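Peer 1: Provided herewith is a single structure, encoded as structure tokens, for subsequent inquiry.
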Amino acid sequence: MSNDTIFLMNYRNERDMYPPFGIMYVADALIQAGFKARVFHETHDYVGTFLREVEREQPLFVGISTITGPQLKPVIDTSKRLKGMGVPVAWGGVHATIMPLDCLKEDYVDFVVVNEGEETTQELARMLAGQIPTDYAAVKGLAWKKNGVPVENMERPFIQDLDRFRPRWDLIPVERYLIQSGPYDRAIPVYISRGCPFRCGFCYNEVVMKRTWRQHSDDFVLSQIEWLKENYRVNAVDYADDYLFGRIKPMQRLVEKVGMPWSGQVRVQLLKPEFVTWLRDTGCQWVNIGAESGSQAVLDSMHKDQKAEQIEWGMRNLTSIAPKIEANLSFIVGLPEEEEADRKITYDLIERLCGMNEKARCSVCVYMPYPGTPLWPDALKRGYVPPDHQEGWCEFDLNRGNTPWVSDAEAQVMSEINDILFVGRSKGHWMLAPYYALLRWRWRRMYFRHYWEGAVKQWLMSSPLRRLLNWLVRNFVRYNAITHKGPLAEPGAAGD
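Taking the numbering used here, the leading residue of the sequence shown gets 117, the next gets one more, and so forth.
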């Protein structure tokens with residue numbers, strides 16, 4: 117095949133607000149090597165359109181970024197159809213990096229690019245294009261099939277000079293990724309570092325990035341952001357790094373040099389009065405905080421390296437010194453060592469945080485074991501059985517959980533905690549007013565057993581009855597607007 121174009125795909129869900137940075141960097145590496153690259157970042161319903169583009173252009177190969185969970189389904193569907201078209205398929209990304217040999221057991225995957233993909237993809241492209249002798253065994257960071265048997269080569273060292281490659285903003289529709297950040301309506305997510313130095317037992321970083329942390333140079337970051345300001349009128353920055361403050365003082369100086377309203381990830385240990393004052397004075401709009409649990413026993417079991425009391429302490433500082441900064445705190449429930457009493461401690465903490473700070477937004481995920489992570493062996497000992505094929509990993513869902521030490525009833529309640537935290541504190545859809553009232557009642561009493569109303573909600577929101585009632589309400593409102601020569605508020609609308 118003589119085509120010098122490579123297609124790079126990253127399937128996203130409907131709520132995904134971040135650009136596909138991984139394949140944007142890989143695209144630059146391919147372009148530097150003399151190839152053409154096209155970047156696709158679409159939802160699952162784009163599969164047909166993407167395949168028609170493949171048929172039209174006949175790329176050298178297709179690289180697909182993978183993430184464990186429902187987004188893996190369109191990746192599998194696309195890969196199967198690409199194989200039927202005779203197009204080589206290379207998987208990359210976190211999911212494929214963690215289980216490369218398992219991925220290669222599938223006949224629709226030809227190669228896996230393990231870890232950082234820039235240099236490995238360059239070499240693979242040169243071999244497939246016939247520019248250099250075909251010797252897949254010599255490509256560090258590549259997993260492939262030798263006579264049909266999956267083989268993983270030696271690891272490729274991490275890229276030390278991150279400035280060698282840049283994200284190709286010119287290959288994506290940048291306007292799609294502009295987000296609201298406080299009062300700023302043209303904020304853009306950027307990555308200025310890679311990795312995380314911490315050892316959280318549930319996180320892929322321990323496996324993929326080996327607790328390393330590297331950053332782009334100040335000049336690189338300033339140049340990238342200046343280009344985005346000039347070309348897209350960007351007025352705020354969301355530092356989307358896994359962990360922004362791998363080196364605290366240098367990163368503070370860089371944020372000051374950029375001189376724009378910003379947001380990013382912090383650990384609660386940083387939220388000392390002087391640091392919170394700095395957040396406020398540099399225009400921080402919101403911070404993401406991995407609080408994880410209110411139970412010290414659970415925090416210790418996941419190697420979080422933080423004290424439970426630091427969460428509340430940090431939020432008090434944020435509330436008193438910088439009350440306009442929004443704090444997004446994430447929690448995990450359903451871990452192997454967690455008891456019901458531990459979850460109660462976490463829920464109590466969430467209630468206090470939300471009561472303390474009206475800008476606090478708490479979300480809860482249900483623990484799912486991830487291969488290779490420090491908690492993985494414990495999960496296997498406790499009876500967790502991982503999927504034996506890639507389709508099974510499509511069911512990996514952080515909102516649901518699927519572990520033997522958590523009953524189905526408990527998992528269902530855990531998965532609805534976010535409804536209780538967010539929807540239950542708002543009016544929401546008028547048809548579900550009784551449901552929201554029950555959620556508020558449950559949360560006030562911390563009573564989560566016998567969660568029958570969840571099934572009723574699912575039925576009601578998907579039933580023909582909902583469409584009928586909505587139609588009746590719309591026509592009732594329209595009739596009253598005509599009769600009374602003025603609109604009436606729809607039931608449940610703001611201000612009702």
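Even for Gly, the Cβ is constructed at its ideal location relative to N, Cα and C. Computed from a predicted structure; not experimentally measured.
Could you round the C-beta distance between Thr328 and Phe274 to whole angstroms and report it? I think they count as a contact, below 8 Å.
Peer 2: 6 Å
Peer 1: I want to know whether the region 383 to 390 touches the region 329 to 345 - three or more CB-CB distances under 8 Å.
Peer 2: no
Peer 1: Quick one: what does DSSP say His600 is sitting in, helix, strand or coil?
Peer 2: Here the model assigns His600 a pLDDT of 44, short of 50, so the residue's position is not dependable and the matter cannot be decided.
Peer 1: For the candidate residues Pro520, Asn473, Glu342, Glu511, whose alpha-carbon lies nearest to that of Asp494?
Peer 2: Pro520
Peer 1: Identify every residue that forms a DSSP beta bridge with Asn444.
Peer 2: BP columns for Asn444 point to Asn404, Arg477.
Peer 1: In the structure shown, what three-state DSSP assignment does Ala149 receive?
Peer 2: coil
Peer 1: Assuming Glu342 contacts Phe281 (C-beta within less than 8 Å), just tell me the rounded distance between them.
Peer 2: At roughly 18 Å, the Cβ-Cβ gap does not stay under 8 Å, so Glu342 and Phe281 are not in contact.
Peer 1: Going by alpha carbons, who is nearest to Ala206 out of Phe123, Cys481, Ser379?
Peer 2: Phe123
Peer 1: Quick one: is Asp494 near chain C, going by C-beta distance under 8 Å?
Peer 2: Note that chain C does not occur in the displayed structure, where there is just one protein chain.
Peer 1: Please list the terminal residues of the continuous beta strand (DSSP E) segment that includes Tyr348.
Peer 2: It is not in any beta strand (DSSP E) - Tyr348 instead sits in the alpha helix (DSSP H) that spans 334 to 348.
Peer 1: On a Cα-Cα basis, can you pick out the residue from Glu474, Val403, Trp429 that is closest to Ser446?
Peer 2: Taking only the C-alpha atoms, the option nearest Ser446 is Val403.
Peer 1: Just checking my contact of Tyr483 with Leu451 at CB under 8 Å: how many whole Å lie between their CB atoms?
Peer 2: 5 Å
Peer 1: Counting beta carbon pairs with one atom in the region 303 to 322 and one in the region 233 to 252, are three or more of them shorter than 8 Å?
Peer 2: no
Peer 1: Give the DSSP bridge partners of Asn321, in chain order.
Peer 2: Beta-bridge pairing links Asn321 to no other residue.
Peer 1: So what's Tyr134 in DSSP terms, helix, strand or just coil?
Peer 2: coil
Peer 1: In this structure, does DSSP put Asp301 in helix, strand or coil?
Peer 2: strand
Peer 1: Anyone know if the C-beta pair for Ala149 and Arg242 falls short of 8 Å?
Peer 2: yes
Peer 1: Is the Cβ-Cβ distance between Val155 and Leu287 less than 8 Å?
Peer 2: yes
Peer 1: With contact counted as at least three CB pairs below 8 Å, one residue from each stretch, are the region 158 to 169 and the region 189 to 198 in contact?
Peer 2: yes
Peer 1: Does the Cβ of Arg128 have 16 or more other Cβ atoms within 10 Å, making it buried, or fewer, making it exposed?
Peer 2: Buried, because 16 or more other Cβ atoms sit within 10 Å of the Cβ of Arg128.
Peer 1: Just curious, the alpha helix (DSSP H) that Thr121 is in, first and last residue?
Peer 2: Per DSSP, Thr121 belongs to no alpha helix (DSSP H); it is in the beta strand (DSSP E), 121 to 126.
Peer 1: For Asn347, is the classification buried or exposed, using 16 other Cβ atoms within 10 angstroms of its Cβ as the cut-off for buried?
Peer 2: exposed
Peer 1: By the DSSP assignment, the beta strand (DSSP E) with Ser181 in it spans what residues?
Peer 2: 177 to 181
Peer 1: Between which two residues does the alpha helix (DSSP H) carrying Trp429 extend?
Peer 2: For Trp429, the enclosing alpha helix (DSSP H) starts and ends at 424 to 437.
Peer 1: May I ask you to verify whether the region 264 to 279 touches the region 225 to 232, counting CB pairs closer than 8 Å and requiring at least 3?
Peer 2: yes
Peer 1: Excluding sequence positions up to five away, which residues of its chain have a Cβ less than 7 Å from the Cβ of Met367?
Peer 2: Leu360, Phe361
Peer 1: Check the C-beta distance from Pro377 over to Ala352 and give it rounded, since I have them as a contact under 8 Å.
Peer 2: 4 Å
Peer 1: At what residues does the alpha helix (DSSP H) containing Ala253 begin and finish?
Peer 2: It is not in any alpha helix (DSSP H) - Ala253 carries neither H nor E in the DSSP assignment.
Peer 1: So for Asn129, helix, strand or coil by DSSP?
Peer 2: Assigned with DSSP and collapsed to three states, Asn129 falls in coil, not helix or strand.
Peer 1: Tell me the rounded alpha-carbon separation between Tyr563 and Thr236.
Peer 2: 52 Å
Peer 1: Could you name the residues that DSSP lists as bridge partners for Trp260?
Peer 2: Val267
Peer 1: I need the boundaries of the beta strand (DSSP E) containing Arg330, first residue and last residue.
Peer 2: 329 to 331
Peer 1: Ordered along the chain, which non-local residues of its own chain (more than five positions away) have a Cβ less than 8 Å from that of Val414?
Peer 2: Same-chain partners within the cutoff: Glu408, Leu451, Glu453, Glu454, Asp458, Thr462.
Peer 1: Whole angstroms is fine: what's the gap from Gly540's alpha carbon to Gly410's?
Peer 2: Its pLDDT being 46, under 50, Gly540 is placed unreliably by the model, and nothing is read from it.
Peer 1: Which of the three DSSP states, helix, strand or coil, is assigned to Phe314?
Peer 2: coil
Peer 1: Is Trp492 helix, strand or coil when you go by DSSP?
Peer 2: helix
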